[in-house]
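Novice:
There are 2 protein chains.
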Amino acid sequence: MAGNRRIGILGGGQLGRMFLENALRYDVDVHVLDPDPDCPCAHLATSFTLGRFDDRDTVLLFAKDVDVVGIEIEHVSVDALMELERQGKTVIPSAATLRIIQDKGAQKEFYVKHGIPTSAFTLIENGLDLQRHAAILPAFLKTRTGGYDGKGVMAITDTADMGRAFDGPCVLEPRVPISKELAVIAVRGTDGTTVAYDPVEMVFDPTLNMVDLLLAPARCATSIIDAAKALALDVANAFNAPGIYAVEMFLTPKNELIVNETAPRAHNSGHFTIEACASSQFDQLLRAYMGWPTGDTRMHGQAAMVNLVGEGGTGTPQLKGASELLAEPGTFIHLYGKRETRSGRKMGHVTIVAPTSDAVDKAVKVAKAHAKVVPQEKNKTTKNTTV
Amino acid sequence: MAGNRRIGILGGGQLGRMFLENALRYDVDVHVLDPDPDCPCAHLATSFTLGRFDDRDTVLLFAKDVDVVGIEIEHVSVDALMELERQGKTVIPSAATLRIIQDKGAQKEFYVKHGIPTSAFTLIENGLDLQRHAAILPAFLKTRTGGYDGKGVMAITDTADMGRAFDGPCVLEPRVPISKELAVIAVRGTDGTTVAYDPVEMVFDPTLNMVDLLLAPARCATSIIDAAKALALDVANAFNAPGIYAVEMFLTPKNELIVNETAPRAHNSGHFTIEACASSQFDQLLRAYMGWPTGDTRMHGQAAMVNLVGEGGTGTPQLKGASELLAEPGTFIHLYGKRETRSGRKMGHVTIVAPTSDAVDKAVKVAKAHAKVVPQEKNKTTKNTTV
């Protein structure tokens, strides 16, 4: 094996699976904890432990024999991570980082404290408290904890929306004018060196309320590209701990960049790095876990990523349109190994790498027109057929 | 899963493992047959069957429920593959291709028949027969069947060597002057389209009698690069069946290219394609198995591959020098998951991708100086240490 560090990952979803796909090359030991026996990592990890990553004792027991503890989801027991750090284990991201990030209110205060530009905000105690802030509408209301993938966020446009709002500790942010949504994966190595990937431009699907298409590099002026990378590195350095930081930011019509939020882990906005960059975000994470130097973030061309989101209901997943898609040069399919597709569930993604943005745009059109994950038709013979 | 084809692979070594690493992204079902319960694929395949791939009945039983049968080693039962083709399964490479390639004599005759340039040769029945050909020395003597990784090949310089020679059906080839050894991975898709990667230059280690260093593209004139690719495509088209063909060739001092031999499978000389090219050789193979179009062979820069061969005896493998190596931009480590290292055993490889050949050469020096697979020291504590 590549060195003697045993890695334990809290969470066994698609981010963990893509981490394993890269880690397999290096033949390192990776142990995974997840409550779902059919999760995407269950059959690929060196060992798989069934259990809750948000339960302190379960995490401590799981991590007893590993040297490094990582996460692929934020909703894990920070108390366990603090204890593991106390025991001398390497924990990435640090417990302190995760404690800040788990609470969107604390995260906003962290940005202010460290001089990171972010939008104005007010911390709200409950629904009653919210009523006092009608003057700043329209705004977004975000639950301080527990939000994920568009859950825990709502637009508050008028006082009627206020009546339907979350009733608990929240962050209220006046809506800011946005010309583009960008994200940068910044990497901080165990030796304190930092590198950043080119920013990506995130194109949201308003119906699914998730990123539908991502363009890399973002189609902005070089000065903005450079500023976005510098800002993401500022965030990584403010947290002052090894790991990778997916920094989501808004570009305003005045060409100002403000940080929206940060995920201290591999992120959907960094999936393009698997095929489009020398070292991927997952390779960086492995290097951090192993105490190895940071990897090379160079891009091989223009890139795009299209999420493959389940359509047409629930069932055993089936991919359609692979042949049409893969006929385009520089196209790649990722399916996450989920046993069941559901409408709106992230089932995989398509990556496109091409020499020009025109070639990328052409392949994106093909991907959107043809590549779909749908439930398998029942009672259909599956021998010698592909779609 | 990506389509409904179930793939069965005969052989579970490192080539199978690297195939699985790529196939995992697409979430396809891959079943593996190998006689070694600890082989590199054993714990990664969708299912693993313990058994001999050179036994007809074992292969037929293994392949009963798969739609596509592939190989990662040539020494499999061709009789079984013929029967599986008769049953209507997709077999890649075709049984006819493999029957020719398994016999170095038949392979030479195949090249002659199809106008593929190859060195002169004589078919030898046995040691006695060999004695009659002293006039053509110096020469190489190759057993017609069963050779692998430098085994089954010997230099015959004088009549004394003849006395120690293989005593069975062999190919005797007068030594030809060689300026470089090249290899090209050619791909033939299920729709008959063909693509080729840039040729690689293979630098042999005379002590280990295996490829030690590989440079891609080969450092030759463009005209030779183009001719090498065209020649490899001629070979793929001569076999007239889908799959990938690793065509090893010699460049003579007169700048002629002659085919030495072909492997109808993923090959050591194509490992650079994992990080250095858009689609890797393993991605091409998956596309062929699934009936998908051929992938993009473009390179991302200059590349090199250094084999990691076991040193210092037998034991549990340990990688040394990872930190020094990975500090060079664009470097990647592959370890094959073998449970035991032995001096001279292929344990993994290093890939380097860089913008210039000078940068590649610099990283090659670092790889050769630092990256080593050795037996683990006994009774050494392994907690929280890496090398």
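Going down the list, the protein sequences come from chains G and S. Quick note on this note's numbering: the first sequence kicks off at 1 and runs consecutively. Quick note on this note's numbering: the second sequence kicks off at 1001 and runs consecutively. We put the CB at the ideal spot given by N, CA and C, even for glycine.
1. Among Arg1287/S, Pro1093/S and Ile1073/S, which residue has its Cα nearest to the Cα of Met1082/S?
2. For the alpha helix (DSSP H) holding Glu1311/S, just list the boundary residues, first then last.
3. Just mark Gln1318/S as buried or exposed, buried being the case when its beta carbon has 16 or more other beta carbons within 10 Å.
4. Give me the Cα-Cα distance between Pro1375/S and Gly1070/S, rounded to the nearest whole angstrom.
5. Taking 8 Å as the cut-off, decide whether the C-beta atoms of Leu270/G and Tyr197/G are in contact.
6. In the structure shown, what three-state DSSP assignment does Ala120/G receive?
7. Ignoring anything shorter than 3 residues or poking outside the segment 1129–1167 of chain S, list the beta strand (DSSP E) runs there in chain order.
8. With a threshold of 8 Å on Cβ separation, who are the neighbours of Ala1023/S within its own chain once the five nearest residues in sequence on each side are excluded?
9. Going along chain G in order, which residues have a C-beta closer than 7 Å to the C-beta of Ala1327/S?
10. Select from Ala359/G, Gly315/G, Ala304/G and Lys104/G the residue whose C-alpha is nearest the C-alpha of Pro169/G.
11. Kindly indicate the opening and closing residues of the alpha helix (DSSP H) around Gly16/G.
12. Return yes when the Cβ of Gln107/G is within less than 8 Å of the Cβ of Glu401/G, no when it is not.
13. Assess, as a yes-or-no matter, whether the segment 1170–1179 of chain S is touched by the segment 1115–1132 of chain S under the definition of 3 or more beta carbon pairs within less than 8 Å.
14. Kindly indicate which three-state DSSP category Ser269/G falls into: helix, strand or coil?
15. Taking all protein chains shown into account, decide if Lys383/G is buried (16 or more other Cβ within 10 angstroms of its Cβ) or exposed.
16. Helix or strand or just coil, what does DSSP make of Gln1281/S?
17. Tell whether a beta-carbon distance below 8 Å holds between Leu1128/S and Glu1072/S.
18. Our contact map puts Arg219/G next to Ile244/G with C-beta atoms below 8 Å; I'd like the distance itself, whole angstroms only.
19. Counting pairs of Cβ atoms below 8 Å between the segment 301–320 of chain G and the segment 213–231 of chain G, do you hit three or more?
20. Spell out a yes or no on whether the segment 1308–1325 of chain S and the segment 1343–1359 of chain S are touching, meaning 3 or more CB-CB pairs, one atom from each, closer than 8 Å.
21. Report yes or no: is there a C-beta of chain S within less than 8 Å of the C-beta of Ile333/G?
22. I'd like to know if the segment 181–196 of chain G and the segment 146–165 of chain G are in contact, where contact means that at least 3 CB-CB pairs between them fall below 8 Å.
23. Taking the continuous alpha helix (DSSP H) assigned at Tyr111/G, which residues delimit it?
24. Going by DSSP in three states, Val1366/S sits in which element: helix, strand or coil?
25. Starting from Asp1079/S, follow the alpha helix (DSSP H) in both directions and report where the run begins and ends.
26. So with CB distances below 8 Å, who are the chain S contacts of Ala278/G?
27. Which chain G residues sit within Cβ distance under 7 Å of Asp1358/S?
28. Would you call the segment 1128–1138 of chain S and the segment 1108–1116 of chain S touching, i.e. three or more CB-CB distances under 8 Å?
29. Between Thr193/G and Thr294/G, what straight-line distance do the alpha-carbon atoms span, to the nearest angstrom?
30. Excluding five sequence neighbours on each side, which residues of the same chain lie with their C-beta closer than 7 Å to the C-beta of Arg1099/S?
31. Roughly how many whole angstroms lie between the Cα atoms of Ala232/G and Val247/G?
32. How should Gly1291/S be labelled, buried or exposed, when 16 other C-beta atoms within 10 angstroms of its C-beta is the threshold for buried?
33. Taking Cβ-Cβ distances shorter than 7 Å, what residues in chain G pair up with Tyr1026/S?
34. In this structure, what does DSSP give as the bridge partners for Tyr1245/S?
35. Of the residues Val353/G, Ser357/G, Thr331/G and Leu61/G, which one's Cα is nearest the Cα of His370/G?
Specialist: Taking the geometry as given:
1. Pro1093/S
2. No alpha helix (DSSP H) contains Glu1311/S, which DSSP labels as neither H nor E.
3. buried
4. 33 Å
5. According to the sequence shown, residue 270/G is Gly rather than Leu. In contact: Gly270/G and Tyr197/G (Cβ atoms closer than 8 Å).
6. coil
7. 1139–1143 and 1153–1156
8. Ile1007, Val1030, Phe1282 and Leu1286
9. Pro293
10. Lys104/G
11. Gln14 to Tyr26
12. What the structure shows of chain G is the stretch from 1 to 387, and residue 401/G is not part of that stretch, so it cannot be assessed.
13. yes
14. helix
15. A caution first: Lys383/G carries a pLDDT of 42, below 50, which makes its placement in the model unreliable, though a value can still be read off. Exposed, since its Cβ has fewer than 16 Cβ neighbours within 10 Å.
16. helix
17. no
18. Actually they do not touch by this definition, with Cβ atoms about 24 Å apart.
19. yes
20. yes
21. yes
22. no
23. Lys104 to Lys113
24. helix
25. Val1078 to Arg1086
26. Glu1275, His1300, Pro1329, Gly1330 and Val1353
27. In chain order: nothing, as chain G lies at least about 16 Å away.
28. no
29. 8 Å
30. Val1078
31. 6 Å
32. buried
33. Ile333 and Leu335
34. Ala1186/S
35. Thr331/G
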